[in-house]
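Under mature numbering (1 follows the signal peptide of the UniProt record, and there is no 0), residues -20 to -1, 1 to 493 are what the sequence shown spells out, in order.
Down below is the structure, laid out as structure tokens.
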Amino acid sequence: MKKKLSLLLALCLLAVPLTACQSNDPGTSQSDSDTAQSDSDTLVIATAFDIASLDPGHIASSAELNVGSYIYDTLTWLPLGAEESLMRIAESCTVSDDGLTYTFTLRDDVLFHDGSALTADDVLYSIELFRSSASLASFSYSIAGCEAPDDNTVVVTLSAPDPAFFENLNWCFILPKAAHEAAGGNFGTQPVGSGPYQLVSHTPGDRLVLSAFPDYYRGEASIKNCQVKIIPDAFTIATALETGEVHYSIDVSFDHIETLKQSGKVACEIREGTGSIFAYGIHQNPPYDNVLVRKAISYAIDRQMCSDVACAGYAYLNPTPLPSFAFDGLQDVESYSYDPEKARELLAEAGYPGGEGLRPLTIQTIDSIGSYAEVIQANLADIGITSEIETLETNAFISDAAVGNVDLAIMSAGLGGNAAPYIAMFTTDGQMNFPRYSNARVDELYAEAVAEPDSTRRQELYNEIFNIIIDEDAVVSPILGRSMCHAVSNEVEIGNALDNAYLMLNPYDLSFQ
């Protein structure tokens, strides 16, 4: 299977107990106009990334996941930081005493956008699609099987108790089996879900137009129309927010935050996100297959400068690709300080004093994080390593990463606060093992960790894995944890929507002032 890179910028998790989920959350787009102010029931959202597919089996970017969450719904929903899931398509859920069997009773009033009624067969089909997804399957690692005893019941069996199971279900979108099979390869541009919004039109590279689904089981959305505009340039997004052409975006540059605040028209909410920046790839290619050279590069990177230059100081330093509030902690992982002198010593020890004899590196990245690459390029030059930057369009970067066509890749990923999906990237058979890394000990520790019910022991296993891949083998170099700026027009009331926001805010949770 061709591997795809999951650039999911903002999935979060705090510890989730294995208890029956009992809470319920009852229910409390667009015109062709370019100006949000021209239509008071139209919310305009700007994203820097194009939408290639909205088929849950092929979603590969944060932008696609965001829009997917508007169109589809899930069995349950675990709000950010919560300890108990809210019911969505499932009316109730019980968990067996051994934590291996989850029995979901489905609501009987859920309709898909095509008018068909949701059944257990649709849920089973969607779970299997989730398990085979090129980019989302890393969240299904604990699912051993599922069955439907009747039309209103779904039973999911786990291979081992998984405290992160409910968080992982946040990304299992439910869709109609018949519509998905009938559409075939066209479902990605003709999606059908049961979520609060339905797709009206999609113009690649320009915008998506959505309208509120009147038969949504939680009640029709307050905002009747939503338009997702593709605006690759951060400055243009900031300008559109100031002029009122856009109501909301998380893709503004941190350099524009103060200007937006001073405009009096836009509120900027900064939240610590789960997105992280890290480098990988060089261990595959001589002479950078020398671990001492790779460690030298990690010591050469000035992470504080990366934060100051690329994020106006809003990023946070992190020893792993995980967010600082990650599930299972990971406090005992060795980290790299900025130490260019140490880097030079390691190069000399490796036989490349002053970088002499090292071929030039190609640093591959995408435009939205290109400024990190510029800092790293300067850092490498300081220890004698020359490099050039290759900035790629997101889908081109994904394609190159999928086939291993990278030298030193600077990427952004946010696979959740749960450590398992991150570590799966570095397992031999991991679906997203773009580093092409294989270590039998890491594979063994990972298999033990995901099946370990004791959180203290699981944390120890994860710590050992990260110390291997970051310090001992140095196949990945964590750079920064990314903060997220929610830039919201003062015309929009967000209420407590930020409390539920793993990614972008959902229009269903918003209203106009």
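Just so you know, even glycine gets a beta-carbon here, dropped at the ideal spot from N, CA and C.
If you check the CB distance, threonine 74 and serine 65 do not come in under 8 Å. Taking the C-beta atoms as reference points, leucine 221 is found nearer than 8 Å to serine 229. Around glutamate 432, the same chain offers Arg438 as residues with beta carbons nearer than 6 Å, after the five sequence neighbours per side are excluded. For leucine 272, the three-state secondary structure derived from DSSP is helix. Burial is judged here by how many other beta carbons sit within 10 angstroms of a residue's own beta carbon; proline 129 has fewer than 16 and is exposed. Counting the other CB atoms within 10 Å of its CB gives aspartate 35 a total of 16 or more, which places it among the buried residues. Proximity of the segment 398 to 409 to the segment 363 to 377 falls short of the contact definition, fewer than three beta-carbon pairs being nearer than 8 Å. Here DSSP, grouped into helix, strand and coil, assigns glutamate 373 to coil.
Contact check for serine 174 against phenylalanine 92 passes: the beta carbons are separated by less than 8 Å. Judged by DSSP in its simplified three-state form, methionine 391 adopts strand. Looking from the CA of lysine 275, the closest CA among Ile448, Gln178 and Glu200 belongs to Ile448. Per DSSP, reduced to three states, the secondary structure at alanine 290 is helical.
DSSP places threonine 219 outside any beta strand (DSSP E); the residue lies instead in the alpha helix (DSSP H), whose first and last residues are 214 to 223. Distance check between alanine 389 and each of Tyr402, Pro415, Glu329 and Asn419 places Pro415 closest, using alpha-carbon atoms only.
Under the DSSP definition of a beta bridge, isoleucine 257 partners with Ser392 and Leu460. DSSP links aspartate 53 through a beta bridge to Ile154. Cβ-Cβ distances below 7 Å link phenylalanine 167 to Asp35 and His160 in the same chain, with the five nearest sequence neighbours on each side left out; the list follows chain order. Closest in alpha carbon position to valine 134, among Lys157, Ile349 and Asp102, is Asp102.
The three-state secondary structure of glycine 168, taken from DSSP, is coil. Residue burial is scored here from C-beta neighbours: arginine 339 has fewer than 16 other C-beta atoms within 10 angstroms and is therefore classed as exposed. Between isoleucine 211 and alanine 26, the C-beta spacing is below 8 Å. Counting along the chain, glycine 335 sits inside no beta strand (DSSP E), nor does DSSP assign it H or E at all. For the 8 Å CB-CB criterion, glycine 364 and leucine 327 form a contact. Membership of isoleucine 237 in the alpha helix (DSSP H) is indicated by the continuous run 237 to 243. In this structure, tyrosine 402 places its C-beta atom within 8 Å of the C-beta atom of proline 301. Taking C-beta atoms under 8 Å as the contact rule, leucine 483 and asparagine 46 qualify, at a distance of about 5 Å. In the DSSP assignment, tyrosine 177 falls outside any alpha helix (DSSP H) and lies within the beta strand (DSSP E) extending over 177 to 183.
Counting every other CB atom within 10 Å of its CB across the protein chains shown gives proline 458 a total of 16 or more, marking it as buried. One alpha carbon belongs to proline 267, the other to glycine 331, and they sit about 10 Å apart.
Within the model, the alpha-carbon separation for glutamate 354 versus alanine 214 is close to 17 Å. Membership of arginine 438 in the alpha helix (DSSP H) is indicated by the continuous run 435 to 446. Counting every other CB atom within 10 Å of its CB across the protein chains shown gives glutamine 357 a total of 16 or more, marking it as buried. Taking the Cα positions, methionine 464 is about 6 Å away from isoleucine 250.
DSSP lists Val472 as the beta-bridge partner residues of phenylalanine 492.
For arginine 421, the enclosing alpha helix (DSSP H) begins and ends at 420 to 430. When the Cα atoms are used, tyrosine 121 and alanine 429 turn out to be separated by approximately 12 Å.
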